[in-house]
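Novice: Numbering (UniProt numbering), first residue to last: 1 to 559.
Heads up, the beta-carbon is just placed ideally off N, CA and C, and yes, glycines get one too.
#1: Are the segment 93-106 and the segment 62-75 in contact at 8 Å, needing three or more beta carbon pairs?
#2: Please classify residue 263 as buried or exposed, where buried requires at least 16 other C-beta atoms within 10 Å of its C-beta.
#3: Just to check my reading of the structure: residue 467 and residue 371 have Cβ atoms closer than 8 Å, yes? What is that Cβ distance to the nearest angstrom?
#4: Give a yes or no on contact between the segment 284-292 and the segment 236-252, applying the rule of three or more CB pairs nearer than 8 Å.
#5: Spell out the partners DSSP gives residue 370 in its beta bridges.
#6: Would you kindly work out how many angstroms separate the C-alpha atoms of residue 502 and residue 368, rounded to a whole number?
#7: With 16 as the cutoff for other CB atoms within 10 Å, does residue 399 come out buried or exposed?
#8: Which residue's Cα is closest to the Cα of residue 68: 333, 81, 227 and 148?
#9: Any idea what DSSP makes of residue 352, helix, strand or coil?
#10: On the DSSP bridge assignment, give the partners of residue 172 in chain order.
#11: From residue 433 to residue 474, what does the alpha carbon distance come to, in whole angstroms?
#12: So, do the segment 340-353 and the segment 407-416 have three or more beta carbon pairs nearer to each other than 8 Å?
#13: Could you check what DSSP says for residue 254 in three-state terms: helix, strand or coil?
#14: Residue 554 lies in the alpha helix (DSSP H); which residues open and close that run?
#15: Counting pairs of beta carbons, one from the segment 441-461 and one from the segment 392-408, are three or more of them closer than 8 Å?
#16: Between the Cα of residue 312 and the Cα atoms of 402, 301, 477 and 507, which residue gives the shortest distance?
#17: Going by DSSP, what residues sit across from residue 325 in a beta bridge?
#18: Beta-carbon separation of residue 391 and residue 284 under 8 Å?
#19: Which residues mark the beginning and the end of the alpha helix (DSSP H) in which residue 448 is found?
#20: Of all the options 510, 48, 228 and 504, which has the alpha carbon lying nearest to the alpha carbon of residue 66?
#21: Between residue 296 and the rest of its own chain, which residues show a CB-CB distance below 7 Å, the 5 nearest in sequence each way excluded?
#22: Rounded to a whole number of angstroms, what is the C-alpha to C-alpha distance between residue 525 and residue 558?
#23: Less than 8 Å between the C-beta atoms of residue 246 and residue 344, yes or no?
#24: Using the Cα positions of residue 389 and residue 366, report the straight-line distance between them to the nearest angstrom.
#25: Could you tell me which residues DSSP puts in a beta bridge with residue 36?
#26: For the beta strand (DSSP E) holding residue 148, just list the boundary residues, first then last.
#27: Where does residue 136 fall in DSSP's three states?
#28: Using 8 Å as the cut-off, can you tell me whether the segment 45-61 makes contact with the segment 264-272, which would need three or more C-beta pairs spanning the two stretches below that distance?
#29: Which one or two residues does DSSP pair with residue 155 in a beta bridge?
#30: For residue 256, which residues in the same chain have their Cβ closer than 8 Å to its Cβ, ignoring the five residues on either side in sequence?
#31: Note the first and the last residue of the continuous alpha helix (DSSP H) segment covering residue 264.
#32: Should residue 355 be flagged as near chain B, meaning a C-beta pair shorter than 8 Å?
#33: If you draw a straight line from the C-alpha of residue 242 to the C-alpha of residue 104, how long is it?
#34: So what's residue 531 in DSSP terms, helix, strand or just coil?
#35: In terms of residue numbering, what span does the alpha helix (DSSP H) encompassing residue 283 cover?
#36: Let me know if residue 142 comes out buried or exposed under the rule of 16 or more other beta-carbons within 10 Å of its beta-carbon.
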């Protein structure tokens with residue numbers, strides 16, 4: 001294959017860009033002109049995208065995720081983007097060559113360049129539009145779903161608009177229908193420049209989340225959570241080896257497109273990247289071999305329709321006490337119809353205890369003990385009927401809960417909760433249940449006793465505990481002697497990550513640290529990106545961080 005795919009996300013986690021996304025453009029209050037088009041990908045297949053036809057934008061552009069879906073070769077460019085008042089809003093640094101056809105059979109083929117942007121300003125039209133479709137049944141619409149507020153994958157600007165225009169205009173109740181090579185496009189007649197600034201950036205989203213107050217779940221989310229819990233209770237079983245076996249919580253519409261070609265392209269890119277780092281390649285190969293040896297990944301029949309092929313990538317965690325290199329499968333990789341496995345799967349309810357409550361109770365006890373479940377997700381099996389949704393490009397399928405799928409955290413917490421609930425009911429009196437659940441104790445002897453019983457109970461279901469830590473050397477020595485467990489020796493300068501915070505077992509206190517790069521020129525985006533690095537769920541640092549929050553607030557108010 002040609003070495004044309006310049007953007008590679010295979011050996012790092014996806015991060016949102018801090019660059020702004022697009023220029024100001026003409027919009028309508030009610031109805032925007034849209035079209036469904038077929039765009040040729042690097043693999044030669046045509047992928048259907050939804051395009052916004054926007055005469056107020058000078059250039060044609062695609063968002064980064066659509067460009068990755070197409071996997072087209074990119075060429076370097078540097079186009080400065082300007083918005084209202086001729087203000088600079090960003091720079092586009094790459095472009096792709098698009099080959100566009102209408103959604104219906106036609107000899108029309110449009111070739112045009114498009115800038116690649118982090119996001120489009122009009123990711124979705126403003127509102128759903130209610131209209132009688134019968135009035136347009138005698139013409140071929142460019143977008144049969146023009147009424148719906150759906151995702152925009154391509155923005156056709158004035159540079160291409162004149163090329164697609166055809167003769168023919170119709171008016172119907174303030175709606176104008178314009179004939180184009182892509183079909184008839186519909187828009188409201190009172191089109192005007194939007195009064196709001198549509199330029200958005202990842203930093204703007206970050207600041208919105210920074211001030212956001214947690215909202216109550218809507219009814220739809222509650223219904224989905226109830227479905228996941230009901231599915232778990234009705235279908236979960238324990239196999240002969242003592243492992244939990246689960247069904248995946250699919251949404252009602254679980255149709256996916258073709259995914260093998262893109263998965264293979266990313267695999268080839270990953271191999272090329274690993275060739276330049278032999279040590280990383282050896283660690284990665286070792287992890288893949290372990291999946292096969294443990295039968296957590298097994299061979300399947302030849303490729304056939306209905307399978308979902310997940311690309312995988314290496315995530316390096318230098319601060320990890322156990323696994324420095326982790327293989328993460330990308331269940332958010334889009335198929336040819338624009339949907340991924342995570343898009344058709346419910347996430348399930350959040351079962352984790354509120355961290356504020358956990359840390360507050362943590363401080364009320366003299367002794368605490370903690371451990372890591374070794375490869376927790378891989379100890380939970382997926383029912384064979386659902387395993388076809390977890391394939392990779394080598395015709396292997398994953399047989400366990402996969403790190404990177406939307407429902408994995410729900411399954412991990414639910415199984416652990418079910419296991420611990422059974423243990424509490426069978427071995428402990430009511431007054432001791434609360435102490436057992438949080439691993440907090442008043443005496444070393446009690447702590448040692450419960451540690452042993454917890455380890456034995458979880459081991460029955462394949463959950464092996466390792467990397468034991470405690471705020472007492474005596475407890476750790478007892479744990480180490482009992483089962484030759486891997487324990488972390490307490491040292492004065494040891495600060496360990498637990499509950500997302502840094503904890504010093506020797507001093508039995510939580511600490512904070514952050515790295516701030518020294519720059520000659522400090523911008524408001526740099527200030528914004530540094531503050532969220534401080535994870536402080538209990539507000540211990542509020543007297544300090546409130547000053548920074550007020551400072552950032554004033555920066556945004558004054559623009």
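Specialist: This is what the structure gives:
#1: yes
#2: Along the chain shown, one-based indexing puts residue 263 at 263. The residue in question, residue 263, is buried, as its Cβ has 16 or more Cβ neighbours within 10 Å.
#3: Numbered from 1 along the chain shown, position 467 holds the residue referred to as residue 467. Numbered from 1 along the chain shown, position 371 holds the residue referred to as residue 371. With a Cβ gap of about 6 Å, residue 467 and residue 371 count as contacting.
#4: no
#5: Numbered from 1 along the chain shown, position 370 holds the residue referred to as residue 370. For residue 370, which the question treats as bridged, DSSP gives the partners 469.
#6: Along the chain shown, read from residue 1 onward, the residue named residue 502 stands at position 502. Along the chain shown, read from residue 1 onward, the residue named residue 368 stands at position 368. Approximately 15 Å, taken between the alpha carbons.
#7: Working through the chain shown from its first residue, we reach residue 399 at position 399. It counts as buried.
#8: Mapped onto the chain shown, residue 68 falls at position 68. Nearest C-alpha to residue 68: 333.
#9: As a first step, residue 352 must be located in the chain shown, where it is residue number 352. Of the three classes helix, strand and coil, the one that applies to residue 352 here is coil, per DSSP.
#10: Working through the chain shown from its first residue, we reach residue 172 at position 172. For residue 172, which the question treats as bridged, DSSP gives the partners 175.
#11: On the chain shown, position 433 is the one that residue 433 refers to. On the chain shown, position 474 is the one that residue 474 refers to. Note that residue 433 scores 44 on pLDDT, short of 50, meaning its location in the model is unreliable; the coordinates nonetheless yield the value given after this. Straight-line Cα distance between these residues: approximately 24 Å.
#12: yes
#13: By one-based count along the chain shown, residue 254 stands at place 254. Correct three-state label for residue 254: coil.
#14: What you label residue 554 is simply residue 554 of the chain shown in a count that begins at 1. It spans 542-558 - the alpha helix (DSSP H) in which residue 554 sits, taken as one unbroken run.
#15: no
#16: Numbered from 1 along the chain shown, position 312 holds the residue referred to as residue 312. Of 402, 301, 477 and 507, the residue nearest in Cα terms is 402.
#17: Along the chain shown, read from residue 1 onward, the residue named residue 325 stands at position 325. Residue 325 pairs with 316.
#18: For the purposes of this step, residue 391 is taken as the residue at position 391 of the chain shown. For the purposes of this step, residue 284 is taken as the residue at position 284 of the chain shown. Cβ distance not < 8 Å, so residue 391 and residue 284 don't count as in contact.
#19: As a first step, residue 448 is located in the chain shown; it is residue number 448 there, counting from the start. In the DSSP annotation of this structure, the continuous segment of the alpha helix (DSSP H) that includes residue 448 starts and ends at 444-459.
#20: Against the chain shown, residue 66 aligns to sequence position 66. Considering only alpha carbons, the answer is 48.
#21: Numbered from its first residue, the chain shown carries residue 296 at position 296. Only 378, 398, 399 and 400 meet the Cβ criterion.
#22: Within the chain shown, numbered from 1, the residue matching residue 525 stands at position 525. Within the chain shown, numbered from 1, the residue matching residue 558 stands at position 558. Going by C-alpha positions, residue 525 is about 14 Å away from residue 558.
#23: In the chain shown, counting from the first residue as 1, residue 246 sits at position 246. In the chain shown, counting from the first residue as 1, residue 344 sits at position 344. At the C-beta level, residue 246 and residue 344 stay beyond 8 Å of one another.
#24: Your numbering for residue 389 matches position 389 in the chain shown. Your numbering for residue 366 matches position 366 in the chain shown. For residue 389 and residue 366, the distance between alpha carbons rounds to 47 Å.
#25: Working through the chain shown from its first residue, we reach residue 36 at position 36. According to DSSP, residue 36 bridges with 50.
#26: Here residue 148 refers to the residue found at position 148 when the chain shown is read from its first residue. No beta strand (DSSP E) contains residue 148, which DSSP labels as neither H nor E.
#27: In the chain shown, residue 136 corresponds to position 136, counting from 1. Reduced to three states, the DSSP call for residue 136 is helix.
#28: no
#29: Counting from one through the chain shown, the residue named residue 155 turns up at place 155. Answer is 52 and 61, bridged to residue 155.
#30: The sequence position of residue 256 within the chain shown is 256, counting from 1. The answer, listed in chain order, is 308, 335, 337, 339, 340, 341 and 344.
#31: Taking the first residue of the chain shown as 1, we reach residue 264 at position 264. Its alpha helix (DSSP H) spans residues 260-275.
#32: Absence of chain B from the displayed structure is noted, only one protein chain being present.
#33: Sequence index remark: in the chain shown, residue 242 carries index 242 (1-based). Sequence index remark: in the chain shown, residue 104 carries index 104 (1-based). Roughly 54 Å separates the two Cα atoms.
#34: Here the question's residue 531 lines up with position 531 in the chain shown. Residue state, collapsed to three classes: helix.
#35: Counting from 1 along the chain shown, the entry for residue 283 is found at position 283. Where residue 283 is concerned, the enclosing alpha helix (DSSP H) stretches over 278-293.
#36: Stepping through the chain shown from its first residue, residue 142 is reached at position 142. When all chains shown are included, residue 142 counts as buried.
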